[in-house]
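Asker: My questions all concern the structure below.
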Amino acid sequence: MMNNNGLEGLVIKVCVGTGGLAAGSQEVIDEFNKTLAARKVRAAVRKKCVSKTGCRGFCAKDVLVDVVRNGKSFTYQLVSPDKVSRIVDEHIISGNPVEEWLVGPDYHTFHSKQTKILLQQCGQIDPEDIRSYIDIGGYKAAKKALSLDPFEVIEEVRASGLRGRGGAGFLTGLKWEFCKMSGGTPKYIICNADEGDPGAFMDRSIIEGNPHSVIEGMIIGAHAIGAEKGYIYIRAEYPLAVDRLRTALSQARAKKFLGKKIFNSRMNFDIEIKLGAGAFVCGESTALMRSIEGKRGTPRPTPPRSVNKGLWGRPTALNNVETLANIPIIMNRGAGWFASIGTKKNTGTKLFALTGKVKNTGLIEVPMGISLKEIIYDIGGGMEDKNRRFKAVQTGGPSGGCIPASYLNMPVDYESLVNIGSMMGSGGMVVMDDTTCMVEMARFFLTFTENESCGKCVPCRVGTKRMLEVLTRITEGRGKEGDIDLLTELGTDIRLSSLCGLGQSAPNPVLSTINFFREEYEAHIKDGICPARACKSLRRYAVDAELCRMCGKCFRVCPSGAVVWEKKQKAVIDKEKCIKCGACYDACPFGSIL
Amino acid sequence: MIEKKCREILDRYHREKGNIISILQDMQESFGYIREDAVNWFSEQLNIPASNFYGVATFYAQFYLKPRGKNIITGCCGTACHVKGSAPIINSLREHLAIPEGGDTSRDGKVTIESVACVGACSIAPVFIVNKKVFGKMTLDRVPEMIKEIS
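First to last, the protein sequences are chains Y and L. Sequential numbering of the first sequence, starting at 14, is according to the working numbering. Sequential numbering of the second sequence, starting at 178, is according to the working numbering.
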């Protein structure tokens, strides 16, 4: 018989975000359940002790597992099913944590510089169980808001200084006030979960980890503006998030938090999910509303603003996922508390998806106004490859720009980012090292925006295509004198004359890289060289005879027989036969291939 | 046969306005792609010109006007995946699966390979999805692992 003393209250928390699931967290959960049953631990605990949690951010070391017992929590990293039995035997049964598999100092520095408000809850609760959210005070804020006058709610949100987390940074309280004041019924509230920026996954993580916080935010918003119907417009590419939302909505309906006379008040409010169909432009507010109406998602000129004439021509408040998830927290803890985080004009925290060539990739939450340096070096742990140098960080996805090393001390807030030609965007942050070619990067983003341009207005439809042509020829070594000026001129015109945010911001990646990395463009055009050695057509491989140690490694890997080498002789590359694959460059241990 | 499935979809939406996208999504779920005869059927039932359906179907990347392969491989080409080298992996997959130049489906209709802008799993870039199974931190050496998933 097992001694079940001390096993009461045992909880094993396994991360089941998309990152965790891809790393095999379901297999880990199954293995825990199987092993615990076999060792009769589960019988001793007599309740479900393996629970799921949302993303806790440190996706680089997934699967992450917390073993919580008697209030003490130990976190294991890189857990796979074969490690489970030892954790159960040594830690859970004998009480000796398996030290070598616990998270290292990285995990602690990754977390210690962060300010976790939204993510705190994500890692704590079971996203598929409404009781878990209610246990930590969930839906209290909605109940409280419903007892207040709508204008009091609006005033609270306004005083908190919360700005839209979707990118442009408009004051949320002000938007709600405009919508409230606008004539016409019915009114709508929409949650924009069409997170289409490549390199961003903040909204997905919130919905997967804590879907009820978004629903609660929408209930409060609906009360403030006077809406009876809400929509969540979410990408079909996020199947797990959609599933969790569906579960959460039906649980909320069962509790009468949604539907008729919610919270025993006179208010009726329900939410419908609308699946996006794969169009980046639908992240733009007017395009998104047309898409909900079942039309082609093309934007329209504003004004009239959506708060006056939005969905079906009615007053509509459109808020981003992260914005809405902040609302219950503001209602619970007060505007003053929220405003004390961050800086004066940029209050609260911001989530970023930190990815690219940085050591600790994952989801992070930091106070507004933190420096880029702290994000990349303290939280991110610096470059992934120690031999590489930091080159730039890209924020704001295809609408943003590349920020060079000289601006690393810059605070991260809406205004500072716009001032240097980038933008907050929804919060993607992609770190690049000296092997990333900035011209190729600009070309990559233009390929994306050119493809996603809806085609309604000429500057964006034709302009992005022309810019892409110029960028492509530069990366293929066919750049012409004057191409940089042409790009600058085209970019400025597109920025000034496009109909919507997509076109207006599409030139940002190009203009910002020309601004900060002009010499790279010049090297491509004038010297036919790609300084990052990334553009394939511009590579010319040769052996530096001084450095060559005659080992023959390059000879052995060359797929086209272009390397001429014999024992005790220096290698030579036959340019006629070379297919520029780079295999010799990667294989050379002495750096003698140029 | 087509009509039965179409009627099921129609009943689900109670002829409310603004459901063209939802109808198309369900149509694709049922038939695997957007069928011309099904579009015509809905057009008559709802008194909406077929051109409206066509306009919407061609606007959104999610809809396919041609049948797709039995297995679907999705390669992410978002920023993080691009920086971490998803393009060479896609090329290798195309080579392994003998996908004809300019197309995205193998000649036997067994597998379709497609690229998407971002699946939002950038922390485990580069990301590939084979029939809903996610493969993170992919490398060229692990391409055969993905091919094994194809049935």
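Where a beta carbon is used, it is the ideal one built from N, C-alpha and C, also for glycine.
When you compare each of Asn-83/Y, Phe-87/Y and Ser-93/Y to Val-76/Y by their alpha carbons, which one comes out closest?
Answerer: It is Ser-93/Y.
Asker: If you follow the alpha helix (DSSP H) that Thr-505/Y is part of, which residue opens it and which one closes it?
Answerer: Taken as a continuous stretch (DSSP letters only), the alpha helix (DSSP H) holding Thr-505/Y covers 496-510.
Asker: Name, please, each residue of chain L whose Cβ falls closer than 8 Å to the Cβ of Ala-36/Y.
Answerer: Chain L residues near Ala-36/Y: Ile-301 and Gly-313.
Asker: Going residue by residue through the region 272-317 of chain L, where are the continuous beta strand (DSSP E) segments of at least 3 residues, counting only ones entirely within it?
Answerer: Within the region 272-317 of chain L, the complete beta strand (DSSP E) runs of at least 3 residues are 288-293, 305-307 and 310-312.
Asker: Can you look up Pro-529/Y in the DSSP assignment and give me helix, strand or coil?
Answerer: Before going further, note that residue 529/Y is Phe rather than Pro in the sequence given. Helix, per DSSP.
Asker: Shorter than 8 Å from the beta carbon of Phe-530/Y to some beta carbon of chain L?
Answerer: It does not; no Cβ of chain L falls within 8 Å.
Asker: I'd like the ranges of any beta strand (DSSP E) spanning at least 3 consecutive residues and lying wholly in the region 15-50 of chain Y.
Answerer: With a minimum length of 3 residues, the continuous beta strand (DSSP E) runs that stay inside the region 15-50 of chain Y are 24-28.
Asker: Determine contact between the region 515-525 of chain Y and the region 487-494 of chain Y, defined as no fewer than three beta-carbon pairs at a distance below 8 Å.
Answerer: Taking 8 Å as the limit for Cβ pairs, the verdict is that the region 487-494 of chain Y does not touch the region 515-525 of chain Y.
Asker: Verify whether the separation of the beta carbon atoms of Val-175/L and Ala-298/L is less than 8 Å.
Answerer: No statement about residue 175/L is possible, as the shown extent of chain L runs from 178 to 328 and does not include it.
Asker: For a contact defined as C-beta to C-beta under 9 Å, what are the partners of Gln-39/Y on chain L?
Answerer: Correct list: empty, because the minimum Cβ distance to chain L is about 11 Å.
Asker: Against chain L, does Met-14/Y count as a neighbour if the rule is that its beta carbon must be under 8 Å from one of theirs?
Answerer: The pLDDT assigned to Met-14/Y is 37, lower than 50, so where the model puts this residue is not dependable; a value taken from the coordinates is nonetheless given after this. No - not a single Cβ of chain L is within 8 Å of the one on Met-14/Y.
Asker: Rounding to the nearest angstrom, what Cα-Cα distance links Lys-65/Y and Lys-243/L in this structure?
Answerer: Lys-65/Y and Lys-243/L: Cα-Cα distance of roughly 40 Å.
Asker: Just the Cα atoms here: how many angstroms apart are Asp-162/Y and Cys-68/Y?
Answerer: So the two alpha carbons sit approximately 35 Å from each other.
Asker: Go to Ser-199/L, then tell me how far its alpha helix (DSSP H) extends in each direction, as first and last residue.
Answerer: Where Ser-199/L is concerned, the enclosing alpha helix (DSSP H) stretches over 197-208.
Asker: Flag Ala-294/L as yes if its beta-carbon sits less than 8 Å from any beta-carbon of chain Y, otherwise no.
Answerer: Output row for Ala-294/L: interface = yes.
Asker: Which residues, in order along the region 182-198 of chain L, keep a beta-carbon less than 9 Å from a beta-carbon of chain Y?
Answerer: Cβ contacts with chain Y come from Lys-194, Gly-195, Asn-196, Ile-197 and Ile-198.
Asker: Using the C-alpha atoms, what's the distance from Val-452/Y back to Met-381/Y?
Answerer: Taking the straight line joining both Cα atoms gives about 30 Å.
Asker: If contact means a Cβ-Cβ distance below 9 Å, which residues of the region 579-596 of chain Y contact chain L?
Answerer: The region 579-596 of chain Y vs chain L, Cβ under 9 Å: nothing.
Asker: Show which residues of chain L have a CB atom less than 9 Å away from the CB atom of Ala-405/Y.
Answerer: Residues of chain L passing the Cβ test: none, with the nearest at roughly 11 Å.
Asker: Put Arg-217/Y into one of helix, strand or coil per three-state DSSP.
Answerer: It is helical.
Asker: Identify every run of the alpha helix (DSSP H) within the region 334-419 of chain Y, keeping only runs that are complete inside it and at least 4 residues long; order them along the chain.
Answerer: With a minimum length of 4 residues, the continuous alpha helix (DSSP H) runs that stay inside the region 334-419 of chain Y are 334-346 and 348-352.
Asker: Kindly list, in the order they appear in chain L, the residues whose Cβ is closer than 7 Å to that of Met-437/Y.
Answerer: Going along chain L, no residue has its Cβ under 7 Å from Met-437/Y, so there is no contact; the nearest lies around 16 Å.
Asker: Would you list, in sequence order, the uninterrupted alpha helix (DSSP H) runs of no fewer than 4 residues that lie entirely inside the region 263-322 of chain Y?
Answerer: Within the region 263-322 of chain Y, the complete alpha helix (DSSP H) runs of at least 4 residues are 298-305.
Asker: As a quick exercise: from Lys-590/Y, Ile-527/Y and Gly-441/Y, pick the residue whose alpha carbon is nearest that of Ala-555/Y.
Answerer: Nearest C-alpha to Ala-555/Y: Lys-590/Y.
Asker: Let me know if Asn-86/Y comes out buried or exposed under the rule of 16 or more other beta-carbons within 10 Å of its beta-carbon.
Answerer: The question names Asn, but residue 86/Y is Ser in the sequence shown. Ser-86/Y is exposed by the Cβ-count criterion.
Asker: Would you grab the beta carbon distance between Lys-404/Y and Asp-446/Y for me? Rounded to a whole angstrom, and I think it's under 8 Å.
Answerer: Rounded, the Cβ-Cβ distance is 6 Å, consistent with contact.
Asker: What ranges does the beta strand (DSSP E) occupy inside the region 55-120 of chain Y, keeping only unbroken runs of at least 3 residues that lie completely in it?
Answerer: Correct list: 63-66, 78-82 and 85-89.
Asker: Exposed or buried, which one is Phe-603/Y when buried takes at least 16 other CB atoms within 10 Å?
Answerer: When all chains shown are included, Phe-603/Y counts as exposed.
Asker: Leaving out five residues before and five after Gly-81/Y in sequence, what residues of the same chain have Cβ atoms less than 6 Å from its Cβ?
Answerer: For the sequence presented, residue 81/Y should be read as Val rather than Gly. Once the five neighbours on either side are set aside, the close Cβ partners of Val-81/Y are Val-24.
Asker: Would Ala-366/Y and Ala-213/Y qualify as a contact pair, given that the criterion is a beta-carbon distance under 8 Å?
Answerer: In this structure, Ala-213/Y lies closer than 8 Å to Ala-366/Y by Cβ.
Asker: For a contact meaning CB atoms closer than 8 Å, what does Thr-449/Y contact in chain L?
Answerer: Simply Val-260.
Asker: Grab the span of the alpha helix (DSSP H) containing Lys-153/Y for me, first residue to last.
Answerer: Looking at the DSSP string, the run of the alpha helix (DSSP H) that includes Lys-153/Y is 153-159.
Asker: In angstroms, rounded to a whole number, what distance separates the CA positions of Ile-247/Y and Ala-206/Y?
Answerer: Cα-Cα distance, rounded: 5 Å.
Asker: Could you give the distance in angstroms between the alpha-carbon of Gly-209/Y and the alpha-carbon of Lys-129/Y?
Answerer: About 24 Å.
Asker: By the 10 Å Cβ neighbour count, where 16 or more other Cβ atoms means buried, how is Leu-317/L classified, buried or exposed?
Answerer: Exposed, by the Cβ-count rule.
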